[in-house]
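The structure appears right after this line, and notes come after that.
Number of protein chains: 2
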Amino acid sequence: MSQFPAATRLRFVLVGTQHPGNMGAAARALKTMGLARLVLVAPEKPLDEEAFRRSAGAEDVLGDAPVVATLAEAVADCRFVLGCTARARRVQLEEFLPADAAARAVAKAGEGAEVALVFGRERTGLTNEELQLCHAAVHIPSDPEFSSLNLAAAVQVLAYEVRMQLLGAQPVAATEPDSREQAASHDQMESFFAQLGETLDEIDFHKGRAPESAMRKLRRLFLRSEPSEQEVRLLRGILADTQRMARLAQNNGKDS
Amino acid sequence: MSQFPAATRLRFVLVGTQHPGNMGAAARALKTMGLARLVLVAPEKPLDEEAFRRSAGAEDVLGDAPVVATLAEAVADCRFVLGCTARARRVQLEEFLPADAAARAVAKAGEGAEVALVFGRERTGLTNEELQLCHAAVHIPSDPEFSSLNLAAAVQVLAYEVRMQLLGAQPVAATEPDSREQAASHDQMESFFAQLGETLDEIDFHKGRAPESAMRKLRRLFLRSEPSEQEVRLLRGILADTQRMARLAQNNGKDS
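Taken in sequence, the protein lines are chains A and B.
Just so you know, we're using the UniProt record's numbering here: the first sequence kicks off at 1 and counts up by one.
Just so you know, we're using the UniProt record's numbering here: the second sequence kicks off at 1 and counts up by one.
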C-alpha cells in the first residue's frame with residue numbers, strides 16, 4: 001500500500017450511497033489499484049453483509065472507512081477536491097477527463113497535499129452545494145444516450161487512472177520488452193534467411209519465378225516478429241529437416 | 001451506438017463466466033461506453049434475473065449477446081484478439097497496458113478488421129489454450145498484492161479506454177499504421193497451424209519428442225507477427241512444397 005507515498009494522501013469519498021453493495025465494490029476497486037482510503041458520507045444504509053461480500057477481500061478498506069455526516073467534514077483537511085459528475089455543466093467548474101484529473105490529484109498529493117475524489121449518489125449524483133466544495137470536476141465520458149455508469153465502476157475507472165499515474169512516475173514495466181529470451185542478432189537472422197533461401201530452392205518452391213519477391217516478403221514477416229535466439233534455432237531445425245527430406249527425395253529421384 | 005464505425009467491429013468476449021450478475025454488469029459497462037457487442041462463451045449458468053437486473057438498462061446488449069461453446073468459435077472471424085490477463089507471464093505473449101491495447105484494437109477495427117477483447121473466468125482467468133488463440137495480452141496493472149479485479153470492473157476499464165480512443169481524446173500514436181494487407185483471420189491462422197503441424201510430422205521433425213512444445217512456440221511466433229492473408233498463403237505454399245518433398249522421399253523410401 002505504501003509503495004507510493006502519494007497514495008496515502010488520496011482519499012475516495014462516497015456521498016449518500018444508496019446500496020451498501022456499491023460501497024463494498026468500491027472498496028474492492030480501490031484495493032486492486034493499491035489504494036486504501038475510503039470515506040463514507042451519510043450512506044443511506046449502514047454497511048451490511050452484502051457490502052462485505054462484494055468487497056471480496058477488501059474488508060480492511062471497507063471496515064476502516066470513516067463514516068461522517070457531511071461532505072464538508074469528509075474533505076475538511078483537503079487542499080484539492082475533485083467531484084465526479086455525469087454532467088458537470090450545471091456548476092461552472094473546470095472539468096477534467098479521468099486521466100487528467102488523476103494526474104493532477106497525484107501531483108498535488110505528491111507535493112504533500114491531502115486530496116479527495118468525491119462520488120455522488122447512484123441516482124442523483126452530487127448536489128450543487130456539494131459540487132461547490134470541489135475545486136474541479138471529473139467527467140467520465142460515457143455515452144450521452146446511456147450514461148448510467150455504476151458507482152463502483154466509476155470508482156474503478158478513477159482508481160485505475162490514479163494507479164496509472166502513480167506507476168507512471170516509474171515508466172511502467174508491463175509493456176513490450178517482455179521477459180522473452182534474448183532477441184536474435186542480425187547475424188543470426190541473416191544465417192537463418194540464407195538457410196531459408198537454400199531450402200526454398202531445394203524444395204523447388206520458386207518453380208522458375210524469381211526468388212527475390214518471396215524472400216523479401218518472408219524477411220519482412222520474420223523480422224517483424226523479432227524472433228528470439230531460441231525461436232531462430234527452432235525455425236532452423238525445421239529447415240534442416242526439410243532440406244534432409246528434399247535431398248532424400250532428390251537422391252531417390254536420381255536412383256529411379 | 002454507430003457514432004463510431006470502428007465500435008461496430010469490436011466485440012467483448014466473456015469466457016466461462018461463473019456469476020450471471022457479472023455478465024449483466026459487463027453489458028452495462030459496455031453500453032455506458034457506447035459499445036454494444038458482447039459474446040458469451042460457455043457461461044457456467046444461463047442469464048437470469050440477477051444478470052438482467054445488474055445490466056440496469058443494458059438489457060438489449062445482454063439479450064443480443066450470442067452464446068457459443070468455445071472461444072475459437074467466438075473469435076473465428078477476428079483478425080486481432082486480445083486476452084485480458086491478471087498476469088500474462090505464464091504465456092509469453094506480448095503484453096500491453098489497457099490504453100495501448102485499446103489504441104491497437106481501435107486502430108485495427110478502424111482499418112476494417114474484426115477485433116475481440118477476451119475476458120476469462122472470475123477465479124481462474126483464461127486457460128493457456130485460450131491464451132494461445134490471442135495475438136497479445138492486456139494487463140490491467142493491479143496491485144500484485146491484491147489483484148482480484150472484479151470481472152465487470154476489468155470490462156469497464158477496457159471499455160473506458162476503448163471509448164477514450166474512439167473519442168480520440170489524445171490523438172494516439174495509433175501504432176504501426178502499416179499499410180499492410182488485410183490481416184489473416186483466426187480461421188486462416190488455425191488452418192495454417194494445422195498444416196504446419198502435419199508438415200512437422202511428415203518431415204519427422206519431432207523425432208519422438210512431444211510435438212506440443214514446438215507447436216506452442218511456433219504459434220506464439222507467428223501470431224505475434226500478425227501475418228496478412230497474403231503472407232499466410234505464402235507460408236502455406238512453402239509448407240505444401242515441403243509436404244510434397246516429404247512424400248516423395250517417403251515413397252522412394254518404400255521403393256528401395
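Just so you know, even glycine gets a beta-carbon here, dropped at the ideal spot from N, CA and C.
Note that the coordinates shown come from a computational prediction; the quantities given were computed from them, not determined experimentally.
Residues near residue i by beta carbon distance below 7 angstroms, same chain, minus five either side
i, result
"Glu111 of chain A", "none"
"Ala103 of chain A", "Gln165"
"Thr175 of chain A", "With a pLDDT of only 36 at Thr175 of chain A, under the threshold of 50, the placement of this residue in the model should not be trusted; the figure read from the coordinates follows. So no residue of the chain qualifies."
"Cys134 of chain B", "Val81, Leu82, Gly83, Leu93 and Val118"
"Ala105 of chain A", "Leu10, Phe80, Leu82, Val115, Leu117 and Val162"
"Ala109 of chain A", "Ala6, Arg9, Leu10 and Val115"
Cα-Cα separation, residue i to residue j
i, j, result
"residue 257 of chain A", "Leu30 of chain A", "Nothing in the structure corresponds to residue 257 of chain A, since chain A is present only between 1 and 256."
"Ala107 of chain B", "Ala101 of chain A", "26 angstroms"
"Asp77 of chain A", "Glu114 of chain A", "7 angstroms"
"Ser228 of chain B", "Leu14 of chain B", "27 angstroms"
"Ala246 of chain B", "Ala194 of chain B", "17 angstroms"
"Leu218 of chain B", "Arg244 of chain B", "21 angstroms"
"Val61 of chain A", "Asp48 of chain A", "14 angstroms"
"Leu10 of chain B", "Ala116 of chain B", "6 angstroms"
"Gln170 of chain B", "Ala159 of chain B", "Low confidence applies here, because Gln170 of chain B scores a pLDDT of 40, under 50, leaving its location unreliable and the question unanswered by this model."
"Glu212 of chain A", "Leu38 of chain B", "45 angstroms"
"Pro144 of chain A", "Ala153 of chain A", "17 angstroms"
"His186 of chain B", "Arg121 of chain A", "44 angstroms"
"Ile203 of chain B", "Asn252 of chain B", "14 angstroms"
"Gly208 of chain A", "Arg216 of chain A", "17 angstroms"
"Leu223 of chain B", "Thr127 of chain B", "17 angstroms"
"Gly168 of chain B", "Glu198 of chain A", "48 angstroms"
Pick from the options that is closest to residue i, judged by C-alpha positions
i, options, result
"Pro46 of chain B", "B:Gln18, B:Leu117 and B:Pro141", "B:Gln18"
"Gln188 of chain B", "B:Phe119, B:Arg236 and B:Asp48", "B:Arg236"
"Cys84 of chain B", "B:Ala240, B:Leu149 and B:Met33", "B:Leu149"
"Phe192 of chain A", "A:Thr32, A:Gln230 and A:Arg104", "A:Gln230"
"Val68 of chain A", "A:Pro43, A:Ala86 and A:Ala56", "A:Pro43"
"Leu200 of chain A", "B:Phe146, B:Ala154, B:Ser142 and B:Leu239", "B:Leu239"
"Gln182 of chain A", "A:Leu234, A:Glu226 and A:Met23", "A:Glu226"
"Ala56 of chain A", "B:Glu95, B:Phe146 and B:Ala105", "B:Phe146"
"Pro141 of chain A", "B:Leu126, B:Glu129, B:Leu223 and B:Val157", "B:Val157"
"Phe205 of chain A", "B:Arg79, B:Asp241 and B:Gly208", "B:Asp241"
"Leu35 of chain A", "A:Gly24, A:Met23, A:Arg54 and A:Thr8", "A:Thr8"
Cβ shell of residue i (< 8 angstroms), same chain only, five flanking positions each side left out
i, result
"Arg220 of chain B", "Val91, Gln92, Leu93 and Gln132"
"Glu190 of chain B", "Ala72"
"Arg123 of chain A", "Gln18"
Pair within 8 angstroms by beta-carbon distance, residue i and residue j
i, j, result
"Leu40 of chain A", "Ala65 of chain A", "yes"
"Val162 of chain B", "Met33 of chain B", "yes"
"Leu166 of chain A", "Phe12 of chain A", "no"
"Glu50 of chain B", "Gly21 of chain B", "yes"
"Leu234 of chain A", "Ala214 of chain B", "yes"
"Phe119 of chain A", "Leu97 of chain A", "no"
"Ala249 of chain B", "Leu196 of chain A", "no"
"Gly125 of chain B", "Ala184 of chain B", "no"
Residues that residue i contacts on chain C, provided the C-beta gap is smaller than 8 angstroms
i, result
"Val157 of chain B", "Although the question refers to chain C, the structure presented lacks it and instead comprises the protein chains A and B."
CB-CB length for residue i against residue j, believed under 8 angstroms
i, j, result
"Ala72 of chain B", "Val155 of chain B", "Not quite, the Cβ-Cβ distance comes to about 21 angstroms (not below 8 angstroms), so this is no contact."
"Phe52 of chain B", "Gly24 of chain B", "6 angstroms"
Residues of its chain near residue i, where Cβ-Cβ distance is below 6 angstroms and the 5 sequence neighbours each way are ignored
i, result
"Ala99 of chain B", "Glu161"
"Ala74 of chain B", "Val13, Val39, Val41 and Val68"
"Glu130 of chain A", "Leu71"
"Arg28 of chain B", "Ser55, Ala56 and Ala58"
"Gly63 of chain A", "none"
"Pro177 of chain A", "No answer about Pro177 of chain A holds up, because its pLDDT of 37 lies below 50 and its placement is not dependable."
Any non-hydrogen atom of the ligand MN within 7 angstroms of residue i CB
i, result
"Cys84 of chain B", "In the structure on display, the ligand MN does not appear, and there are no ligands present to speak of."
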